[in-house]
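Protein chains in written order, with this note's numbering: chain A, 1 to 189; chain B, 1001 to 1189.
Number of protein chains: 2
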Amino acid sequence: MALRHAVPATLLDGEYSGYQPAKTFDVVVANFWHAPPQQLYAELTELEKEGLVAGRQVVQETRPDKRLFHVTDSGRAELKEFTAAVSKPSFIRDDLLVKVQVADRLGTAPVIEQLEERASAAEAKIELLGKLLRQLRGDADEEEFLRRGERIGSYLTCLRGLAFEQGHRDWCLRIATVLRERRTTHAER
Amino acid sequence: MALRHAVPATLLDGEYSGYQPAKTFDVVVANFWHAPPQQLYAELTELEKEGLVAGRQVVQETRPDKRLFHVTDSGRAELKEFTAAVSKPSFIRDDLLVKVQVADRLGTAPVIEQLEERASAAEAKIELLGKLLRQLRGDADEEEFLRRGERIGSYLTCLRGLAFEQGHRDWCLRIATVLRERRTTHAER
DNA sequence: AGAGTCATGTAAGCTGTTACATGATTCG
DNA sequence: CGAATCATGTAACAGCTTACATGACTCT
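See the structure below:
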């Protein structure tokens, strides 16, 4: 289970509705996660049924009413258990890798194009994460913040996200160059 | 669909049974993918039904008979289509990130332990991939191989796997250090 | 004799994605 | 006035994981 724990983990930092995190889930909560609202509503409903989170109705005049959720004691306990349990190593699972794998056989042109698109998407995310990190650490420099900051969880996971995007960008650009240069020397197909 | 294309991609390099790749799927085919044999059998059966791959029975004396699969023309065509279609960006989805996110609230000890375990697992994989890369490029150096080599698909995906594992290791070690050093200054809980 | 490997599958279940649906309010 | 945003859900489906099952051969 993944969202099952990712959602309460988010909620530790405060109350959220189902809608809020859905918008920012890519970046703020989990610079690493992504989930459409539907999934969050479903998960929150399930978690509430099990008593791991609790919601309270907030009436809004101009906007539709919403429900803000927080983690219950029982939810905290389960999160703590989850934290202690071992989990399996992660791995990349990316269609683009499959495409690169077969590019020299089935045609490089569309793959090169996608590699370059990915690289600029990664670049954009790198900048976004850079800003977010600066914002999170405020005036302090990184070392300082990590030593004395109160809540560093988000910062640490952002760092992973940043490194991932940088690695992704670098690889995309490298591979695009390699494939491009081969086009002059290797016949396609 | 992911395995749906990853499997034929593998099969482009030669014939395989369901069993063979299952063992090496972590490393050889897709230094990035991982799938248990059950899934491969299921996928191969499905792909065969749709005519994208074809199998031939190989009788073995000492071992149980097996079926070797290869990609059909129709399978190649679909792969090529897949290669041209755009796919969504990838992201990390790792329980460990969730744990790090909440570590400063719910207890750092078990998380530090897991970070260090992960780091050494990543280290092991880095060495494995290094060996594989050396083996794939033979006598040539990397630049040379990437320019003139016949089939570089696996090499390129391995490079991504390698960079990913290095990033993973570095992050794990860094975060473990950060959390460890905070333990002397921050009370837990 | 028992453990491990080669070889193949079925069946159930968990997670996550996508499409569909609703309805008020705000912004240009 | 139309598009976007806030806000919440249902239903169907696709994909992956896990448990279970079988059976022969090889190595210690």
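The beta carbon of each residue, even a glycine, is placed where N, CA and C say it ideally should be.
- Under three-state DSSP, which class holds HIS5/A? On the first sequence, residue 5/A is found 5 positions in, with the first residue counted as 1. HIS5/A: helix per DSSP, three-state reduction.
- For LEU1052/B, which option in VAL1059/B, LYS1066/B, HIS1070/B has the closest C-alpha, if you only look at C-alpha atoms? If you number the second sequence from 1, residue 1052/B lands on position 52. Measuring from the Cα of LEU1052/B, the nearest candidate turns out to be HIS1070/B.
- Query: So what's LEU1052/B in DSSP terms, helix, strand or just coil?
  - Reply: By one-based count along the second sequence, residue 1052/B stands at place 52. It is coil, neither helix nor strand.
- Is TYR1016/B buried or exposed, if buried means 16 or more other CB atoms sit within 10 Å of its CB? Stepping through the second sequence from its first residue, residue 1016/B is reached at position 16. Label assigned to TYR1016/B: buried.
- Message: Counting only Cβ pairs nearer than 8 Å, list the residues of chain B close to HIS5/A.
- Response: Within the first sequence, numbered from 1, the residue matching residue 5/A stands at position 5. Here the neighbours are ASP1095, VAL1098.
- Message: Check whether the region 1146-1165 of chain B and the region 1097-1105 of chain B touch, using three or more Cβ-Cβ pairs below 8 Å as the test.
- Response: no
- Item | Those runs of the alpha helix (DSSP H) which lie wholly inside the region 1044-1122 of chain B and span at least 4 residues | 1073-1084, 1095-1106
- Message: DSSP has TYR1016/B in a bridge; who is on the other side?
- Response: Numbered from 1 along the second sequence, position 16 holds the residue referred to as residue 1016/B. PHE1069/B, per the DSSP bridge assignment.
- Message: I'd like to check one pair, THR1185/B with ARG151/A: are the Cβ atoms closer than 9 Å?
- Response: The count along the first sequence starts at 1 and reaches residue 151/A at position 151. The count along the second sequence starts at 1 and reaches residue 1185/B at position 185. Not a contact, by the Cβ cut-off of 9 Å.
- Message: Going by DSSP, what residue range makes up the alpha helix (DSSP H) through TRP1171/B?
- Response: Position 171 of the second sequence, counted from the first residue, corresponds to residue 1171/B. 1153-1182 is the span of the alpha helix (DSSP H), which, as asked, contains TRP1171/B.
- Beta-carbon separation (whole angstroms), SER1087/B vs ASP95/A, contact threshold 8 Å: As a first step, residue 1087/B must be located in the second sequence, where it is residue number 87. As a first step, residue 95/A must be located in the first sequence, where it is residue number 95. About 4 Å separates the two Cβ atoms, so the contact holds.
- Using a C-beta cutoff of 9 Å, does GLY1153/B count as contacting chain A? Here the question's residue 1153/B lines up with position 153 in the second sequence. Yes - at least one Cβ of chain A is within 9 Å of the one on GLY1153/B.
- Item | Beta-carbon contacts of LEU1047/B that lie in its chain and below 6 Å, excluding the five residues immediately before and after | Here the question's residue 1047/B lines up with position 47 in the second sequence. For LEU1047/B, where only same-chain residues beyond five positions count, the Cβ hits under 6 Å are VAL1053.
- Task: Give the secondary structure of GLU150/A by DSSP, where H, G and I count as helix, E and B as strand, and everything else as coil.
- Result: The count along the first sequence starts at 1 and reaches residue 150/A at position 150. Looking at GLU150/A - three-state DSSP - the assignment turns out to be coil, as it is neither helix nor strand.
- Message: For GLU43/A and ALA6/A, what's the separation of their Cα atoms in angstroms?
- Response: As a working mapping, residue 43/A is identified with position 43 in the first sequence. As a working mapping, residue 6/A is identified with position 6 in the first sequence. Between GLU43/A and ALA6/A, the C-alpha separation is close to 10 Å.
- Consult DSSP for THR10/A and reduce its assignment to one of helix, strand or coil. In the first sequence, the residue the question calls residue 10/A occupies position 10. Three-state result, THR10/A: helix.
- Message: I'd like to check one pair, LEU1011/B with GLY985/B: are the Cβ atoms closer than 9 Å?
- Response: Summary: the structure shown does not reach residue 985/B, with chain B confined to residues 1001 through 1189, and so no result is reported for it.
- Of all the options LEU1128/B, ARG1118/B, GLY1055/B, which has the alpha carbon lying nearest to the alpha carbon of ASP1170/B? Working through the second sequence from its first residue, we reach residue 1170/B at position 170. That would be ARG1118/B, whose Cα lies nearest to the Cα of ASP1170/B.
- For LEU12/A, which residues in chain B fall below 9 Å Cβ to Cβ? Within the first sequence, the letter at position 12 stands for residue 12/A. The answer, in chain order, is GLN1101, VAL1102, ARG1105, LEU1106.
- Query: Of the residues that make up the region 55-78 of chain A, which ones have a beta carbon closer than 8 Å to any beta carbon in chain B?
  - Reply: ARG76
- Task: Please decide whether ASP139/A counts as near chain B, where near means a Cβ-Cβ distance under 9 Å.
- Result: Counting from 1 along the first sequence, the entry for residue 139/A is found at position 139. Cβ-Cβ to chain B under 9 Å: no for ASP139/A.
- Message: Between the alpha carbons of GLU123/A and LEU3/A, how many angstroms are there, rounded?
- Response: As a working mapping, residue 123/A is identified with position 123 in the first sequence. As a working mapping, residue 3/A is identified with position 3 in the first sequence. If you take the alpha carbons of GLU123/A and LEU3/A, they lie about 27 Å apart.
- Message: With a threshold of 9 Å between beta-carbons, can ARG183/A be considered close to chain B, or not?
- Response: Counting from 1 along the first sequence, the entry for residue 183/A is found at position 183. No, no contact with chain B.
- Item | Chain-ordered chain A contacts of PRO1110/B [CB-CB under 7 Å] | Taking the second sequence and counting its residues from 1, one reaches residue 1110/B at position 110. THR83, ALA84, listed in chain order.
- Query: List, in order along the chain, the chain A residues whose C-beta lies closer than 9 Å to that of LEU1159/B?
  - Reply: Translated into positions along the second sequence, residue 1159/B becomes position 159. Result: TRP171, ARG174, ILE175.
- Message: By the three-class DSSP mapping on this structure, what secondary structure does PRO37/A have?
- Response: Within the first sequence, numbered from 1, the residue matching residue 37/A stands at position 37. In this structure, PRO37/A counts as helix in the three-state DSSP scheme.
- Query: Is the region 133-143 of chain A touching the region 1130-1150 of chain B in the sense that three or more CB pairs, one from each, lie closer than 8 Å?
  - Reply: no
- Task: Apply the 10 Å Cβ neighbour rule to LYS1125/B and answer buried if 16 or more other Cβ atoms are within range, or exposed otherwise.
- Result: Looking up residue 1125/B in the second sequence gives position 125. Buried, since its Cβ has 16 or more Cβ neighbours within 10 Å.
- Along chain A, which residues have their Cβ under 8 Å away from the Cβ of PHE1145/B? In the second sequence, the residue the question calls residue 1145/B occupies position 145. Those within 8 Å of PHE1145/B in chain A number zero; the least Cβ separation is about 10 Å.
- In chain order, what residues of the same chain lie with their CB nearer than 7 Å to the CB of GLU1078/B, ignoring the 5 residues before and after it? In the second sequence, the residue the question calls residue 1078/B occupies position 78. Contacts found: LEU1052.
- Item | Inter-residue spacing [alpha-carbon to alpha-carbon] between LEU129/A and TRP1033/B | Start at 1 with the first residue of the first sequence, and residue 129/A comes out as number 129. Start at 1 with the first residue of the second sequence, and residue 1033/B comes out as number 33. Whole-angstrom Cα-Cα distance: 27 Å.
- Starting from LYS1049/B, find everything on chain A with Cβ-Cβ shorter than 7 Å and list it in chain order. Counting from one through the second sequence, the residue named residue 1049/B turns up at place 49. Correct list: empty, because the minimum Cβ distance to chain A is about 21 Å.
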